[in-house]
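Novice:
In our numbering, the protein residues as written are 46 to 208.
Rendered as structure tokens:
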């Protein structure tokens, strides 16, 4: 084999290797781009849930807000009349009345939800057919005659812990 022919074969192999590397890099870039776009939706959902949790915690720590005010209706003895409460800000609806319980829904601000009961700082509600619990610090009664203003003093720390 002549030396010039050998050089041509080596050059051809180098060009082939460079083309292969370019194609591999291109395919890897496409795969990464496609998978990252699919993951953005999940990322946005997580960011939104974290924002709700952070806003609840931030609001609970701010003593100038009306977080400590709890407006709950009195339970009626008739039982046929549905009572509603309205959320004062975005709030996590949980499976159990516990700040560490699973979140089953996120309810936006100023949303009317059906009131079931209230106990130990948690309000049991029905929202979109689901029964769950929200912190009583984030709901107010829709009944004008049963509202009372309990102020904000001393409730900020307990509100942060209950969410």
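In this text, a Cβ means the ideal position worked out from N, Cα and C, and glycines have one as well. What you are looking at is a predicted structure, and each value in this text was computed from that prediction instead of being measured.
Rounded C-beta distance between residue 180 and residue 167? I'm assuming under 8 Å.
Specialist: Counting from 1 along the chain shown, the entry for residue 180 is found at position 135. Counting from 1 along the chain shown, the entry for residue 167 is found at position 122. The Cβ separation is near 6 Å, so the contact holds.
Novice: Applying the 10 Å Cβ sphere with the 16-neighbour rule, what's the burial state of residue 132?
Specialist: Residue numbering aside, residue 132 sits at position 87 when the chain shown is read from its first letter. It counts as buried.
Novice: To which residues does DSSP link residue 152 through a beta bridge?
Specialist: Taking the chain shown and counting its residues from 1, one reaches residue 152 at position 107. 136, per the DSSP bridge assignment.
Novice: I think residue 152 touches residue 136, with their Cβ atoms under 8 Å apart; what is that distance to the nearest whole Å?
Specialist: Reading the chain shown from its first residue, position 107 is the one you call residue 152. Reading the chain shown from its first residue, position 91 is the one you call residue 136. Correct: roughly 5 Å between the Cβ atoms.
Novice: From this set, 160, 164, 165 and 183, which residue's C-alpha is nearest residue 172's C-alpha?
Specialist: Along the chain shown, read from residue 1 onward, the residue named residue 172 stands at position 127. For the residues 160, 164, 165 and 183, the minimum Cα distance to residue 172 belongs to 160.
Novice: Count the other C-beta atoms from every protein chain shown that fall within 10 angstroms of the C-beta of residue 139, then say buried if there are 16 or more, exposed otherwise.
Specialist: Within the chain shown, numbered from 1, the residue matching residue 139 stands at position 94. Flag for residue 139 reads buried.
Novice: Does the Cβ of residue 164 have 16 or more other Cβ atoms within 10 Å, making it buried, or fewer, making it exposed?
Specialist: In the chain shown, residue 164 corresponds to position 119, counting from 1. It counts as exposed.
Novice: Given a cut-off of 8 Å on the beta-carbon distance, is the pair residue 170 and residue 177 in contact?
Specialist: Here residue 170 is taken as the residue at index 125 of the chain shown, counted from 1. Here residue 177 is taken as the residue at index 132 of the chain shown, counted from 1. Closer than 8 Å, so yes.
Novice: What did DSSP end up calling residue 144 once you bin it into helix, strand or coil?
Specialist: Residue 144 sits at position 99 when you count from the first residue of the chain shown. If DSSP states are grouped into helix, strand and coil, residue 144 belongs with coil.
Novice: In three-state terms, what does DSSP make of residue 187?
Specialist: Stepping through the chain shown from its first residue, residue 187 is reached at position 142. Coil, per DSSP.
Novice: Per DSSP, what kind of secondary structure is residue 105 in: helix, strand or coil?
Specialist: By one-based count along the chain shown, residue 105 stands at place 60. With a pLDDT of 46 at residue 105, under the threshold of 50, the predicted position of this residue should be treated as unreliable, though the coordinate-derived value follows. Residue 105: helix per DSSP, three-state reduction.
Novice: If we ignore side chains and look at the alpha-carbon of each, how far apart do residue 155 and residue 71 end up?
Specialist: Start at 1 with the first residue of the chain shown, and residue 155 comes out as number 110. Start at 1 with the first residue of the chain shown, and residue 71 comes out as number 26. Whole-angstrom Cα-Cα distance: 49 Å.
Novice: Taking just the CA atoms, how far does residue 75 sit from residue 57?
Specialist: For the purposes of this step, residue 57 is taken as residue 12 along the chain shown, with counting starting at 1. For the purposes of this step, residue 75 is taken as residue 30 along the chain shown, with counting starting at 1. When rounded, the distance between both Cα atoms is 27 Å.
Novice: State the beta-bridge partners of residue 177 as determined by DSSP.
Specialist: Looking up residue 177 in the chain shown gives position 132. According to DSSP, which records beta bridges pairwise, residue 177 is partnered with 170.
Novice: Among residues of its own chain, excluding the 5 on either side of residue 66, which ones have a beta-carbon nearer than 8 Å to its beta-carbon?
Specialist: Residue numbering aside, residue 66 sits at position 21 when the chain shown is read from its first letter. Around residue 66: no qualifying Cβ.
Novice: What residues in its chain sit with their C-beta under 6 Å from that of residue 162, if we drop five residues either side in the sequence?
Specialist: Looking up residue 162 in the chain shown gives position 117. Excluding positions up to five away in sequence, the list reads 169.
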